[in-house]
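2 protein chains.
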Amino acid sequence: MQAVTQGTVGVQNHANGHTNGHATPEMATDAVREQVLNKAQRARRAASPLRLVSTEIKNRALHLMAEKLVQRAAEIIAANEKDLSAGRANGLSEAMLDRLRLNEKRIADMAAGCRQVADLPDPIGQVIGGGPRPNGLRVEQVRVPLGVIGIIYESRPNVTVDAAILCLKSGNAVILRGGSEAIHSNLCLAKIIEEAAREAGAPADCIQLIETTDRAATTHLAQMSGLVDLIIPRGGEGLKKSLSKIATVPMIFAAGGICHVFVDESADLPSAANIVFNAKVQRPSTCNALETLLVHQNIAGEILPSLTAKLQNAGVELRGDERTRAIVSMQEATSDDWDTEYNALILSIAVVDDMEAAIAHIAEHGTGHSESIITQNYANAEKFLAQIDAAAVYVNASTRFTDGFEFGLGAEVGISTQKLHARGPMGLEALTSTKFLVRGDGHVRQ
Amino acid sequence: MQAVTQGTVGVQNHANGHTNGHATPEMATDAVREQVLNKAQRARRAASPLRLVSTEIKNRALHLMAEKLVQRAAEIIAANEKDLSAGRANGLSEAMLDRLRLNEKRIADMAAGCRQVADLPDPIGQVIGGGPRPNGLRVEQVRVPLGVIGIIYESRPNVTVDAAILCLKSGNAVILRGGSEAIHSNLCLAKIIEEAAREAGAPADCIQLIETTDRAATTHLAQMSGLVDLIIPRGGEGLKKSLSKIATVPMIFAAGGICHVFVDESADLPSAANIVFNAKVQRPSTCNALETLLVHQNIAGEILPSLTAKLQNAGVELRGDERTRAIVSMQEATSDDWDTEYNALILSIAVVDDMEAAIAHIAEHGTGHSESIITQNYANAEKFLAQIDAAAVYVNASTRFTDGFEFGLGAEVGISTQKLHARGPMGLEALTSTKFLVRGDGHVRQ
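Chains as they are written, first to last, in numbering that gives the first Met the number 0: chain A, 0 to 445; chain B, 0 to 445.
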């Protein structure tokens, strides 16, 4: 293992620093910065040859990763057991422990993910525009890697593999920064996939994992502009706020969503109830789950009694505005409720005058993630699609479909609610930049 | 004129605040912030209807702008004369005064620019991806406006029109922040084009010009996150540095370029000399002009004497490394020279061992703008195109072609050297985001 304190930041070391299974949780701040700087410099150096690596070698690396993950399942499970023991000792909830847990099934899923990414088309080198100019210059706009991408994530160790393989396939070096509770699992997984990448012919150091669990490492990583081209923080609004203030590296936040379903006057009510139930209950912890239901006043009395009963039977806590509570008795929604992402079995409900009122509510309280209208009215469907400014806008479907696989982009590194560079599920293309290639024959500008 | 101190920020006023030709250079800081906030809120409100305005109305507005600019040339020239008088009184150089000057020819050029943008395809609503999914969901990825764009620029008042028309065509409200030396010209131009936009049916307030010349306005604008979606600062590295630190709004810098031409061993030397001369001399103040010439050691003795004589005859000051000065006598290049964007008739020259050394020099000192190789060697041409990480990479052509018109993108708002969202000349597409439209028939996720 490369010592983080020996000042070797300028020295390229063929073996990457993931060979020690022990975390280094307590370090002097300078040593933390030096470790992050060292990883960033190694990744930067790897990025240059990596941009020229062929699709064939990248795919070979992905298949080799899949093989090695399965072959070394026992080693992974042993490392994961250390995290689980520490988690139990630290009083993590059973739900948290479950997110942390790796077993043969989950390892097989990670391996399958590697093979799926191998099957995706390589975005690098794709010609996306251009042509000959009147003066004979040949202009081509092509996709190229960004360079070095940092991924900051929490608890689930499978993200170590998912994030690394998307970066590799898109020709980017990656710096992984996982949650401290998964450090042993992450070190083990990173070691295995880095080894596979190297054996397949990818540059050494193209996959870096930050080993220290010191919180300062995240800050240092966010300030490595010039070495890191993009950071994708996959975490809550707290992480977003703390990083936005101090970051010098461009960031795309895979942020939260306050998603709405509006049931219009003309909706098919059984279908509407089915969609609302699915959007809220099927997986409430996700960012594309429903948080606020908006119901047209003319059908509220008809749909709400049975729908709310069904939701309550599924354990959903309901919070309604005055008009909702005039129909069904429930807890009162406070003004905070309209701006809260519950990520849990809680639903706020408002009765609105019409579609315009629903659109205005969404414009005020939405986070630009996923919004759906349930309607049989063609003009309203088209107007809702046009007027709502969000990453994904739906007609007669659950918001839960906002996902890279569901949209046909393949695997995703997260869902962006930003408008620049990438919006919605971020697949391989979101991890690329472009450049213009211009071929001439002695051309000068007049 | 709307008073900036009366606290009417929540009141929508049909007439926009550009009706007073007097700048307000000295204001209390609170009043400056309030003016910027007011403009941002007005732009935000205009952005919502503007995203639905048809191509027909946008084009009608552009043609009406062209007409009005020409009709009201005398009024524009009178306003411009105030700026010129103030500039003369403040001791602006003749070159600066020339940049500031508007005459009938330049006004006709602005009008022609409006008609050209009307002729460009409207990017809004373009379907750029998607299709039906196996479960029957219809997914479409379409281009949409960003919302509100701020443009910060200097001296040349024609940018007021150029920036506003690109934002209008791409469905974005714009907040213009021009240089204080052009304030009267900018106020007059903004008033005319805003009037034309409104008369054509575009929403009131979709074109906003910040009236105060107080420097604090730029800072406030950069911190209007939530109201402003993107700021494009068109200025030097100083502006970039000061804004990067304090901005909360995403920015794309139309930044400077340290551009290189590498003359390879196999270059056609007369053509190489022609390209180098063009890249340096044709318009040295631009960001795509040549700053550092790299010459292969095996042809340096042959090309440098005649080429440097030709450059010196054109008034170019030369600064060479040791190997260059062993061939031609000239001033010594210091280490700073390799990292300096002269924007003037100065050229630094280095003799390099081979193409790999040239690529390494560019990787170390380039700013990722425009880089060119002059060669007859096919393998070297392809390798240079692949390895150089820049917005535009050339073979056998002048770097001066990096430009929206030259690349066939139509007009541009600037040239980005960033890798995220937009790289190279930024045309209409760079001013857009995307969203996913998803149509279902009661779809729920399993």
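For every residue, glycine included, the Cβ atom is placed at its ideal position computed from N, Cα and C. Note that the coordinates shown come from a computational prediction; the quantities given were computed from them, not determined experimentally.
Under the DSSP assignment, Asp320 (chain B) falls outside any beta strand (DSSP E); it carries neither an H nor an E label.
Between Asn37 (chain A) and Gly441 (chain B), the CB-CB gap reaches or exceeds 8 Å. For the segment 391 to 412 of chain B, the set of positions with a beta-carbon nearer than 8 Å to some beta-carbon of chain A reads Ala391, Val392, Tyr393, Val394, Asn395, Ala396, Ser397, Arg399, Phe400, Thr401, Glu405, Phe406, Gly407 in chain order. Under the Cβ distance rule, Thr333 (chain B) does not count among the residues neighbouring chain A, no pair being separated by less than 8 Å.
Scanning its chain for C-beta atoms nearer than 6 Å, with the 5 sequence neighbours on each side dropped, one finds around Val143 (chain B) the residues Ser432, Lys434, in chain order.
Under the three-state reduction of DSSP, Phe406 (chain B) is assigned to coil, being neither helix nor strand. From the listed residues A:Val147, A:Gly130, A:Ile164, the smallest Cα separation to Arg41 (chain A) is found for A:Val147.
For Val138 (chain B), the closest Cβ of chain A is nearer than 8 Å. Nearest Cα to Glu428 (chain B) within the set B:Gly367, B:Val141, B:Arg176: B:Val141. Here DSSP, grouped into helix, strand and coil, assigns Asp440 (chain B) to strand. Residue state for Leu289 (chain B) is assigned as strand, using DSSP reduced to three classes. Sixteen is the threshold: since fewer than 16 other Cβ atoms of the shown chains lie within 10 Å of the Cβ of Arg282 (chain A), the residue is exposed.
Distance from the CA atom of Gln34 (chain B) to the CA atom of Gly178 (chain B), rounded to whole angstroms, is 17 Å. In this structure, Glu264 (chain B) places its C-beta atom within 8 Å of the C-beta atom of Asn297 (chain B). Beyond the five residues adjoining it in sequence on each side, Pro131 (chain A) comes within less than 7 Å, by CB distance, of Arg137 in the same chain, given in chain order.
Its chain contains Asp121, Ile123 as the residues whose beta carbon lies nearer than 8 Å to that of Thr54 (chain A), once the 5 sequence neighbours on both sides are disregarded; these appear in chain order.
Residue burial annotation: Pro133 (chain B) is exposed, with fewer than 16 other C-beta atoms found within 10 angstroms of its C-beta.
Its chain contains Ile373, Thr374 as the residues whose beta carbon lies nearer than 6 Å to that of Ala266 (chain A), once the 5 sequence neighbours on both sides are disregarded; these appear in chain order. Look at Val443 (chain B): its C-beta is under 8 Å from a C-beta on chain A. Nearest neighbour of Gly407 (chain B) by Cα position, chosen from A:Ala359, A:His62, A:Gly135, turns out to be A:Gly135. Within the same chain, Val275, Ala278, Leu289, Leu292, Ser371 come within 6 Å of Val260 (chain B) by CB-CB distance, once the 5 residues on both sides are set aside. Excluding the 5 residues flanking it on each side, Ile358 (chain A) has same chain C-beta neighbours closer than 6 Å at Gln386, in chain order. Burial is judged here by how many other beta carbons sit within 10 angstroms of a residue's own beta carbon; Thr398 (chain A) has at least 16 and is buried. DSSP places Gly112 (chain B) in the helix class (H, G or I) of the three-state scheme. Per DSSP, the unbroken alpha helix (DSSP H) holding Phe383 (chain A) starts and ends at 377 to 386. Fewer than three beta-carbon pairs drawn from the segment 200 to 214 of chain A and the segment 223 to 231 of chain A are found closer than 8 Å, and the two stretches are therefore not classed as touching. 8 Å or more divides the Cβ of Val315 (chain A) from the Cβ of Ile361 (chain A).
The shortest C-alpha to C-alpha distance from Ser47 (chain B) to any of A:Lys382, A:Thr416, A:Val412 is the one to A:Lys382.
Between the segment 186 to 201 of chain B and the segment 72 to 85 of chain B there are three or more C-beta pairs closer than 8 Å, enough to call the two in contact.
In the structure shown, Leu238 (chain B) falls within a helical segment according to DSSP collapsed to helix, strand and coil. Counting along the chain, no beta strand (DSSP E) covers Asn273 (chain B); the unbroken alpha helix (DSSP H) around it starts and ends at 268 to 280. Annotation: Leu226 (chain B) has no Cβ neighbours in chain A at a cutoff of 9 Å; minimum Cβ distance is about 13 Å. For the segment 272 to 285 of chain B, the set of positions with a beta-carbon nearer than 9 Å to some beta-carbon of chain A reads Asn273, Ile274, Phe276, Asn277, Ala278, Gln281, Arg282 in chain order. In this structure, A:Leu96 is the residue among A:Ala107, A:Val69, A:Leu96 with its C-alpha nearest to the C-alpha of Lys81 (chain A). In this structure Ile414 (chain A) touches Cys286 (chain A) by the C-beta definition: roughly 6 Å separates them, less than 8 Å.
Contact check for Ile251 (chain B) against Ile231 (chain B) passes: the beta carbons are separated by less than 8 Å.
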